[in-house]
Structure formats: C-alpha cells, structure tokens
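First residue of the sequence shown: 1033, per my numbering; consecutive thereafter. Think of the CB as a built atom: it goes at the ideal place given N, C-alpha and C, for glycine as much as any other residue. In this text the structure is predicted, and so the values were computed from the model without any measurement.
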Amino acid sequence: MPSLFTVAKPCRCGSGEPRRELRDAHNIFCAFVCDACEAQKRAEFDPRIFTANPYPADEPIEED
1033 MPSLFTVAKP
1043 CRCGSGEPRR
1053 ELRDAHNIFC
1063 AFVCDACEAQ
1073 KRAEFDPRIF
1083 TANPYPADEP
1093 IEED
C-alpha cells in the first residue's frame, strides 16, 4: 500500500536537506532550494522579483 505522506526529495545542492520551491512575488516558480542553498539561488535572480512591488515584465501578467 502506498504511503499517504509524500517524502520531499533531497535538494540537488548536495546538502541532503529536503528541497522546496522558490517562487517570486507573482508565484512563478524560480528554482528548487533548501535552507543551505536558498541565498545562493536567490542571488542568481534580480532581487526585485521577490518583493511585493510589481517588477518590470516583458509581457502582460494576468491576475488570477
């Protein structure tokens, strides 16, 4: 019988910690991260995308 609980996959950074999704202020997926590598992964993106303020986009963003 399969488990009812999903086990988080380990992060690819090699820390062995469970990974989670890093999403921007518009809830767009950016990367899989863990506590050990989140700062490094965030540094690869423009920091404005993680704030609640609208950031410049090349295409219109539709509200849900």
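N- and C-terminal bounds of the alpha helix (DSSP H) containing residue i
| i | result |
| --- | --- |
| Arg1080 | Run containing Arg1080: none; DSSP gives neither H nor E here. |
| Glu1070 | Glu1070 to Arg1074 |
Status (buried if at least 16 other CB within 10 Å, exposed otherwise) for residue i
| i | result |
| --- | --- |
| Val1065 | buried |
Span of the beta strand (DSSP E), counted from its first residue to its last, around residue i
| i | result |
| --- | --- |
| Glu1053 | Arg1052 to Arg1055 |
| Ala1040 | Looking at the DSSP string, Ala1040 is not in any beta strand (DSSP E), and its letter there is neither H nor E. |
| Ala1063 | Phe1061 to Val1065 |
Residue of the options minimising C-alpha distance to residue i
| i | options | result |
| --- | --- | --- |
| Ala1071 | Leu1054, Pro1050, Pro1092 and Pro1042 | Leu1054 |
| Pro1092 | Ser1047, Arg1052 and His1058 | His1058 |
| Glu1069 | Ala1040, Pro1079 and Gly1048 | The amino acid occupying residue 1069 in the given sequence is Cys; Glu does not appear at that position. The residue with the shortest Cα to Cα distance from Cys1069 is Gly1048. |
| Asp1067 | Phe1061, Asp1078, Glu1094 and Pro1050 | Pro1050 |
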